[in-house]
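Going by the working numbering, the residue at position 427 of the sequence shown is 431; the numbering climbs one at a time, nothing skipped. These notes are about the structure you will find just below.
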Amino acid sequence: MSQQNLAPIPELYVSYESAQKLKAEAGDLPSWDLTPRQICDLELLMNGGFNPLKGFLGEADYDNVVEKMRLADGTLWPMPVTLDVDADFAAKVEPGQDIALRDQEGVLLATMTVTDKWSPDKAREAEKVFGADDLAHPAVNYLHSAAGAVYLGGPVTGIQPPVHYDFRGRRDTPNELRALFRKLGWRKVVAFQTRNPLHRAHQELTFRAAKESQANLLIHPVVGMTKPGDVDHFTRVRCYEAVLDKYPASTTNMSLLNLAMRMAGPREAVWHGIIRRNHGCTHFIVGRDHAGPGKNSQGEDFYGPYEAQDLFRAHEAEIGLEMVDFKHMVYVQERAQYEPADEIEEGVTVLNISGTELRRRLREGLEIPEWFSFPEVVEELRRTSPPRAEQGFTVFFTGLSGSGKSTIANALMVKLMEMGGRPVTLLDGDVVRKHLSSELGFSKEHRDLNIKRIGYVASEITKNAGIAICAPIAPYTATRRAVREMIEAYGAFVEVHVATSLEECERRDRKGLYKLAREGKIKEFTGISDPYEEPTHPEIRVETEGTEVDNCAHQVILKLESMGLIAG
Ligand code: PPS
Numbered sequence: 005m006s007q008q009n010l011a012p013i014p015e016l017y018v019s020y021e022s023a024q025k026l027k028a029e030a031g032d033l034p035s036w037d038l039t040p041r042q043i044c045d046l047e048l049l050m051n052g053g054f055n056p057l058k059g060f061l062g063e064a065d066y067d068n069v070v071e072k073m074r075l076a077d078g079t080l081w082p083m084p085v086t087l088d089v090d091a092d093f094a095a096k097v098e099p100g101q102d103i104a105l106r107d108q109e110g111v112l113l114a115t116m117t118v119t120d121k122w123s124p125d126k127a128r129e130a131e132k133v134f135g136a137d138d139l140a141h142p143a144v145n146y147l148h149s150a151a152g153a154v155y156l157g158g159p160v161t162g163i164q165p166p167v168h169y170d171f172r173g174r175r176d177t178p179n180e181l182r183a184l185f186r187k188l189g190w191r192k193v194v195a196f197q198t199r200n201p202l203h204r205a206h207q208e209l210t211f212r213a214a215k216e217s218q219a220n221l222l223i224h225p226v227v228g229m230t231k232p233g234d235v236d237h238f239t240r241v242r243c244y245e246a247v248l249d250k251y252p253a254s255t256t257n258m259s260l261l262n263l264a265m266r267m268a269g270p271r272e273a274v275w276h277g278i279i280r281r282n283h284g285c286t287h288f289i290v291g292r293d294h295a296g297p298g299k300n301s302q303g304e305d306f307y308g309p310y311e312a313q314d315l316f317r318a319h320e321a322e323i324g325l326e327m328v329d330f331k332h333m334v335y336v337q338e339r340a341q342y343e344p345a346d347e348i349e350e351g352v353t354v355l356n357i358s359g360t361e362l363r364r365r366l367r368e369g370l371e372i373p374e375w376f377s378f379p380e381v382v383e384e385l386r387r388t389s390p391p392r393a394e395q396g397f398t399v400f401f402t403g404l405s406g407s408g409k410s411t412i413a414n415a416l417m418v419k420l421m422e423m424g425g426r427p428v429t430l431l432d433g434d435v436v437r438k439h440l441s442s443e444l445g446f447s448k449e450h451r452d453l454n455i456k457r458i459g460y461v462a463s464e465i466t467k468n469a470g471i472a473i474c475a476p477i478a479p480y481t482a483t484r485r486a487v488r489e490m491i492e493a494y495g496a497f498v499e500v501h502v503a504t505s506l507e508e509c510e511r512r513d514r515k516g517l518y519k520l521a522r523e524g525k526i527k528e529f530t531g532i533s534d535p536y537e538e539p540t541h542p543e544i545r546v547e548t549e550g551t552e553v554d555n556c557a558h559q560v561i562l563k564l565e566s567m568g569l570i571a572g
């Protein structure tokens with residue numbers, strides 16, 4: 005095992021001449037605009053990062069991967085890499101046909117010969133691959149809320165890699181890394197996977213791993229897609245570059261991996277190992293809770309802290325690289341150094357700052373001690389995450405028609421403008437429908453589109469340090485969650501449920517719409533002939549029956565203060 009083989013790995017690209025020819029012919033093919041996740045998957049398929057896959061999985065391989073972590077021929081492969089499409093596109097395509105795969109600007113990246121087309125059982129995929137059909141898991145949520153209903157599978161013909169304009173010099177294909185290791189004479193290489201900024205504990209862990217395995221070190225962070233809410237990759241790469249100087253010269257390298265993570269814990273660890281083997285590495289670090297998705301909807305961890313290590317160990321020979329397992333590293337004050345938590349005797353002072361605590365300190369502008377991180381890293385993080393009171397945020401009101409959303413939202417807007425400091429924009433339901441969504445009706449599809457447009461505008465406002473107040477009905481939980489994820493990439497999302505009962509809304513009937521809805525003159529009316537899914541965990545719920553508007557708005561202000569979003 006871990007006998008290094010640096011021969012080039014097969015890629016799926018055709019020659020320049022063939023690519024030109026395929027480009028000329030592709031105009032006649034059904035054309036699929038790839039999602040950001042599919043672009044990541046396609047890049048690693050084409051450059052051999054997902055070797056031995058030759059394309060998106062067909063149905064037999066998919067079934068076997070879901071059930072047994074193996075392709076139909078028995079080869080170890082833990083993750084379904086599938087091309088999900090919507091039903092409309094699927095209806096245009098039959099097995100045997102070629103389709104064009106394009107990026108979001110329409111650039112042709114590949115063609116695929118469709119061999120399989122099927123509607124997957126997503127609940128089974130969630131259970132088997134991610135361990136539970138629970139929407140608290142980001143990949144399960146993606147599966148049910150973002151992925152199309154139909155999967156297409158078949159071999160891919162690579163035409164060109166997706167274009168990256170950022171950190172070009174730091175991105176390497178498996179063959180480029182293999183060539184680099186050959187050139188440098190690196191015979192053993194231990195890879196470190198990460199989606200977080202590196203602090204001293206990580207630096208110590210990777211340094212020890214390299215020493216223990218007598219290998220060179222490859223810092224191999226994921227810059228494709230990570231867990232929603234993670235520090236963006238631009239900031240992280242600047243942080244990594246700062247840490248790179250802390251390693252002994254010429255022992256360590258860094259390369260960026262355009263992987264779309266699934267946060268699948270144990271299965272993901274095995275997948276990461278195979279991907280690093282393909283990139284020419286011989287060892288792979290698996291720490292505590294590798295690729296963990298956080299808590300499930302019962303508030304428990306999805307996977308045990310060392311489950312990933314166990315699964316990796318059981319398949320080490322087949323993965324083809326050696327695991328360097330690590331326990332949690334903590335700081336021992338008396339010895340002023342990091343040590344694995346399980347090797348520390350009783351009675352010494354152990355210091356540790358969790359990810360949550362770090363985010364709190366950044367948010368509140370509190371001190372981050374030198375023993376925890378490098379000053380350059382902290383400075384970089386502070387630049388992109390200023391204290392919460394200086395960041396943008398979104399207040400998202402949801403509730404039935406006539407519940408009082410707009411009135412409270414208006415009052416809140418005025419109060420925030422009185423305080424000053426940040427620009428405030430109100431995206432009211434009716435106003436949005438006039439300016440942004442005038443062509444939309446009230447079907448589920450149209451409502452979702454409407455809310456996603458509001459979410460998009462709010463996320464841009466939040467990104468640019470403004471305050472967005474939204475006040476649509478937003479009846480669907482999944483859509484509200486999608487908007488939350490869009491916004492939390494840039495700032496806080498404060499969901500306010502205006503919990504006026506249907507009876508009260510109907511009694512008030514300020515616009516006379518409930519009467520018309522009851523008479524059947526307005527179709528698909530929320531609460532009468534269309535659903536409203538109540539938020540289960542809003543940041544705040546306001547009751548309007550018997551409470552004045554001013555008081556409701558004040559409750560929201562108090563919440564914003566308690567979250568540190570506005571100065572008290
Ligand atoms: S949604 O579901 O979030 O897209 O709805 P929204 O954009 O907030 O639009 C709601 C306003 O449109 C009026 N209206 C209806 N509401 C619900 N169902 C039906 N069928 C409907 N038809 C018209 C209604 O006045 C809503 O305004 P508010 O401010 O919520 O009372």
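All residues carry an ideal CB built from backbone N, CA and C; glycine is no exception.
{"Check": "Going by DSSP, name the residue or residues bridged to Lys121.", "Outcome": "Leu156"}
{"Check": "Can you check whether the CB of Lys250 is closer than 8 angstroms to the CB of Ser217?", "Outcome": "no"}
{"Check": "If I follow the unbroken beta strand (DSSP E) through Trp36, where does it start and stop?", "Outcome": "35-37"}
{"Check": "Tell me the DSSP secondary structure of His294 in three-state form.", "Outcome": "coil"}
{"Check": "Consider the C-beta atom of Thr2 and the heavy atoms of the ligand PPS; say whether any pair is separated by less than 7 angstroms.", "Outcome": "Nothing in the structure corresponds to residue 2, since the chain is present only between 5 and 572."}
{"Check": "Taking all protein chains shown into account, decide if Glu565 is buried (16 or more other Cβ within 10 angstroms of its Cβ) or exposed.", "Outcome": "exposed"}
{"Check": "Using only the heavy atoms of the ligand PPS, determine whether one of them is closer than 7 angstroms to the beta carbon of Arg451.", "Outcome": "yes"}
{"Check": "Let's test the definition: count the other Cβ atoms within 10 Å of the Cβ of Arg182 and tell me whether it reaches 16, buried, or not, exposed.", "Outcome": "buried"}
{"Check": "Decide yes or no for the touch test of the segment 205-214 against the segment 262-274: beta carbon pairs closer than 8 angstroms, at least 3 of them.", "Outcome": "no"}
{"Check": "Please say whether Gly152 and Asp88 have beta carbons closer to each other than 8 angstroms?", "Outcome": "yes"}
{"Check": "In chain order, which continuous runs of the alpha helix (DSSP H) of length 4 or greater are located wholly inside the segment 77-121?", "Outcome": "91-95"}
{"Check": "Answer yes or no: the CB of Leu517 versus the heavy atoms of the ligand PPS, is any distance below 7 angstroms?", "Outcome": "yes"}
{"Check": "Quick one: grab the DSSP three-state call for Asp137.", "Outcome": "coil"}
{"Check": "Going by C-alpha distance, which of Val227, Gln313, Ser441, Glu492 is nearest Phe400?", "Outcome": "Glu492"}
{"Check": "Cβ of Glu528 within 7 angstroms of any heavy atom in the ligand PPS?", "Outcome": "yes"}
{"Check": "How long is the line joining the alpha carbons of Pro225 and Met50, rounded to whole angstroms?", "Outcome": "19 angstroms"}
{"Check": "For a test of the three-state rule: what should DSSP assign to Ala486, helix, strand or coil?", "Outcome": "helix"}
{"Check": "Would you say the segment 390-408 touches the segment 508-523, given that touching needs at least three Cβ pairs under 8 angstroms?", "Outcome": "yes"}
{"Check": "For the segment 268-280 against the segment 318-327, are there 3 or more C-beta pairs whose distance is under 8 angstroms?", "Outcome": "yes"}
{"Check": "With distance defined between alpha-carbon atoms, name the residue in Leu517, Ile561, Val560, Ser35 nearest to Val111.", "Outcome": "Ser35"}
{"Check": "In the DSSP assignment, what are the bridge partners of Ile471?", "Outcome": "Phe397, Val428"}
{"Check": "Terminal residues of the continuous alpha helix (DSSP H) containing Glu443?", "Outcome": "Note, Glu443: premise wrong, no alpha helix (DSSP H); not H, not E."}
{"Check": "May I ask you to check if the CB of Arg485 is nearer than 7 angstroms to at least one heavy atom of the ligand PPS?", "Outcome": "no"}
{"Check": "Taking 8 angstroms as the threshold (C-beta atoms), are Ala114 and Gly162 in contact?", "Outcome": "yes"}
{"Check": "What distance in whole Å lies between the Cβ atoms of Ile570 and Met423, which are believed to be in contact at a cut-off of 8 angstroms?", "Outcome": "6 angstroms"}
{"Check": "Can you tell me whether Ile357 sits near the ligand PPS, meaning its C-beta is under 7 angstroms from at least one heavy atom of the ligand?", "Outcome": "no"}
{"Check": "Quick check: what's the CA-CA separation for Leu315 versus Phe196?", "Outcome": "18 angstroms"}
{"Check": "At a cut-off of 7 angstroms, would you count Ser505 as near the ligand PPS, judging by its Cβ distance to the nearest heavy atom?", "Outcome": "no"}
{"Check": "Using 8 angstroms for Cβ pairs, my map puts Arg271 next to Val85. What's the rounded Cβ distance?", "Outcome": "Arg271 to Val85, Cβ: 12 angstroms. No contact."}
{"Check": "In this structure, what does DSSP give as the bridge partners for Asn68?", "Outcome": "Note: Asn68 sits in no beta bridge, so no partner."}
{"Check": "Please identify the residue among Met258, Ala143, Pro252, Leu156 whose C-alpha is closest to the C-alpha of Arg175.", "Outcome": "Met258"}
{"Check": "Out of Phe529, Tyr494, Lys331, state which residue places its alpha-carbon closest to the alpha-carbon of Asp513.", "Outcome": "Phe529"}
{"Check": "What does Pro225 pair with, by DSSP beta-bridge criteria?", "Outcome": "Thr198"}
{"Check": "Where does the unbroken beta strand (DSSP E) through Asn257 begin, and where does it stop?", "Outcome": "256-258"}
{"Check": "Locate the beta strand (DSSP E) running through Phe497, then write down its first and last residues.", "Outcome": "496-502"}
{"Check": "Ordered along the chain, which non-local residues of its own chain (more than five positions away) have a Cβ less than 6 angstroms from that of Ser6?", "Outcome": "Low confidence applies to Ser6: its pLDDT is 46, below 50, so where it sits in the model is not reliable, and the reading given next is rough at best. Only Thr286, Leu325, Glu326 meet the Cβ criterion."}
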